[in-house]
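**Student:** Encoded as structure tokens, here's the structure I'll be asking about.
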């Protein structure tokens, strides 16, 4: 009996070893997504405006909307997304290991992440910068007056590094209070474990909107860093990166060209603007070049609207966050949002 | 070749009989299993290396000398954001050791007291301890850590700090105490302390020998206490009180100066010690109960007091039963300290995680984690095994 078991174990072990099931998440992400019938999208564990559960218990938000648009473009159905909630710390291992197909989680595009960590950033979906949130009762007008303050930060983020730089350069001291998630950081700030909370200005606006009395808190005027946020994929699958990139550009171009969730079907019948026609597939062969269904851009826009519509719906002035377009307005409207042409 | 069994000596091994012969079959199968296991690990290693190369991640430990660029709030050694990843890891390691050591001391004390009290004749005392043991050891440790942290962070805010004699302050950012600043002359006090310790050891040995020879007892506990506390104190005053105190001062946001014990450290320490103490008290109780009743009766027949019976007869024998499971509790405590991450205490895992994130060297960091916890555990159990041998029953 025992010998039988040992032989069987040996056989299993050697078969397993010899067959060489290379557990690689190599290339062909598109085929993997199609075969699985769902897009595995990495999002925040919860950040108002960017990734939150709506009244129906479904994930929604600015970052989530991009996942839905991409799923719509690739699979034809915006609901075929499997959301994976990730913290600042575990997002990169999750992407590198193939646990997710794409990361859309307010992640800053930096040199070392692009090169050293082996990822490819697809573009900038939100131009952000790091700021400070504090109580108005502190009587502080500027972040430079924060000498000796306790500062709550999320670990494993660029903000942690910017913070250290900012205080060092300004020769002032602080006590860092490291926290894992935005939700925990909010609690620590509310309990006055720290005087100020620092993260991307968008995140601060999001956090401030959840307080019972937002007017008692203020975001300091200083923006101490550039934080271009955008979706990213693993390096080494250029085709998948192209698809992700051009879905983002399609949403941005759609706003510029006036294609909205409401009128996209109408426009898909043909317009007198060749750029719109090429994007929506009535002219040219962009769909064949990207290797997706002819209606890929239509589906993406229909999923949640164009870039501007998504921004207004989740972050805009009618939301509790009330973030102005600012840097995130279209280039022809005083902002930095600019997508290459669909040609 | 050693002795060959009668069966084999009569039937020489042939190639064709290898699988039917019981002895050779056993050897062959074991070799095959070993080969399979080795191949399996070789596959895992080569697959990992291949995958790392594919995504262009350089492996190796060179990143440890790169600058960290992040700050750490609790550090036992000098560290700035310009220090290296390696130094940051050491800061984390020291924080892990600090909370583990504090936890082990407190858990052992609490556990022994709890274990003895649980056997108390006083109904209320024993039931209270039972309730405490059953509660703490049946509630997940993570919840207890968060519980203590929540309690500590709901202490008064900085501006309403509880003042302890005007020199120490307790608030929801921890306990601010004065920090000693040593000046010249302090080296004499330290030297005096050393001399006092050596003298106490000699004294205790002498007292023991004298007791064995003449039966006369000597109050060595009291004497050593006076020596170790008294001598440095006298030298301290003779040297002109070479210690200044850095007192905490209120500033706009926080207290500045002095020494801050963060609520994270205290919460983790409380949770780890009370949780582990519950297990230790059960171990102590079982150890004491394992000593046969006859021992107590014999001791009281000899005229030993209840206290002496416990100290000189019961505990030494109970320790033999207590030490081995106690060791694993110490190991558990050390490993459980990695739950620190839940409340942001910057231990080895927390800082390692940040480094992993900033450098992308996942395998290396995880490897360091495992190696460090393994070494800590092996060191602890080596020490406990040594101690166990020392107190083991010497059979005459």
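Chains as they are written, first to last, in the numbering used here: chain A, 1 to 343; chain B, 344 to 739. Positions of the beta carbon are idealized from the N, C-alpha and C atoms, including for glycine. Since the structure is predicted, the reported quantities are computational estimates derived from the model, not experimental observations.
1) Starting from residue 238 of chain A, trace the alpha helix (DSSP H) in both directions and tell me its first and last residue.
2) Can you give the Cα-Cα distance for residue 386 of chain B and residue 667 of chain B, rounded to whole angstroms?
3) In angstroms, rounded to a whole number, what distance separates the CA positions of residue 337 of chain A and residue 328 of chain A?
4) Confirm, please, whether the CB-CB distance from residue 151 of chain A to residue 175 of chain A is below 8 Å.
5) Could you say which of A:318, A:303 and A:288 lies nearest to residue 261 of chain A if we only look at CA atoms?
6) Strictly below 9 Å CB to CB, what residues from chain B border residue 92 of chain A?
7) When the Cα atoms are used, what is the spatial distance from residue 295 of chain A to residue 252 of chain A?
8) By how many angstroms is the C-alpha of residue 533 of chain B removed from the C-alpha of residue 526 of chain B?
9) Measuring CB atoms only, is the segment 122-142 of chain A touching the segment 219-234 of chain A, in the sense that at least three cross pairs come out at less than 8 Å?
10) Counting only the same chain and skipping the five closest in sequence on each side, list residues whose C-beta sits under 8 Å from that of residue 554 of chain B.
11) Helix, strand or coil for residue 32 of chain A per DSSP?
12) Which ranges does the alpha helix (DSSP H) cover as unbroken runs of at least 4 residues, wholly within the segment 574-626 of chain B, from first to last along the chain?
13) So, are the CB atoms of residue 748 of chain B and residue 601 of chain B less than 8 Å apart?
14) Under three-state DSSP, which class holds residue 477 of chain B?
15) On the three-state DSSP scale, how would you describe residue 150 of chain A?
16) List the residues of chain B whose Cβ lies closer than 8 Å to the Cβ of residue 179 of chain A, in chain order.
17) With a 10 Å radius around its C-beta and 16 neighbouring C-beta atoms as the bar for buried, classify residue 108 of chain A as buried or exposed.
18) Roughly how many angstroms separate the alpha carbons of residue 24 of chain A and residue 415 of chain B, rounded to a whole number?
19) Rounding to the nearest angstrom, what Cα-Cα distance links residue 240 of chain A and residue 234 of chain A in this structure?
20) The segment 71-97 of chain A: which residues have C-beta closer than 9 Å to a C-beta of chain B, in chain order?
21) Cutting at 6 Å between CB atoms, please list the residues of its own chain near residue 672 of chain B, excluding the five before and the five after it.
22) Give the single residue among B:723, B:705, B:716 and B:717 whose Cα lies nearest to the Cα of residue 391 of chain B.
23) Quick check: what's the CA-CA separation for residue 488 of chain B versus residue 222 of chain A?
24) Indicate the three-state DSSP secondary structure (helix, strand or coil) for residue 265 of chain A in the structure shown.
25) Do we get a CB-CB distance below 8 Å when we pair residue 116 of chain A with the residues of chain B?
26) Mapping DSSP to helix, strand and coil, what is residue 310 of chain A?
27) Could you tell me which residues DSSP puts in a beta bridge with residue 532 of chain B?
28) Can you list, in chain order, the residues of its chain with a C-beta nearer than 8 Å to that of residue 442 of chain B? Leave out the 5 residues immediately preceding and following it.
29) Excluding the 5 residues preceding and the 5 following residue 630 of chain B in the sequence, name in chain order all residues of the same chain whose CB lies nearer than 6 Å to its CB.
30) Are the C-beta atoms of residue 416 of chain B and some chain A residue less than 8 Å apart?
31) May I ask you to report which of helix, strand or coil DSSP gives residue 84 of chain A?
32) Using a cut-off of 8 Å between C-beta atoms, extract the partners of residue 684 of chain B located in chain A.
33) Per the contact definition of three or more C-beta pairs closer than 8 Å, is the segment 197-207 of chain A in contact with the segment 315-328 of chain A?
34) What is the residue span of the alpha helix (DSSP H) that residue 688 of chain B lies within?
35) How many Å lie between residue 141 of chain A and residue 187 of chain A at the Cα?
36) Which residues in the same chain have their Cβ closer than 6 Å to the Cβ of residue 300 of chain A, if we skip the five residues on either side of it in sequence?
**Tutor:** In short, the structure shows the following:
1) 238-257
2) 38 Å
3) 6 Å
4) yes
5) A:303
6) 699, 700, 703 and 705
7) 17 Å
8) 12 Å
9) yes
10) 560 and 561
11) helix
12) none
13) Outside the displayed range of chain B (344 to 739) lies residue 748 of chain B, so it cannot be described from this structure.
14) helix
15) strand
16) 687
17) buried
18) Low confidence applies to residue 24 of chain A: its pLDDT is 43, below 50, so where it sits in the model is not reliable, and the reading given next is rough at best. Computed Cα separation, rounded: 36 Å.
19) 9 Å
20) 88, 89, 90, 91, 92, 93, 96 and 97
21) 619, 622 and 623
22) B:705
23) 36 Å
24) helix
25) yes
26) helix
27) Looking at the DSSP assignment, residue 532 of chain B forms no beta bridge with any residue, so it has no partner.
28) 608, 611, 612, 615, 680, 683, 688 and 690
29) 661, 664 and 665
30) yes
31) strand
32) 180
33) yes
34) It is not in any alpha helix (DSSP H) - residue 688 of chain B carries neither H nor E in the DSSP assignment.
35) 23 Å
36) 69, 72, 73, 247 and 250
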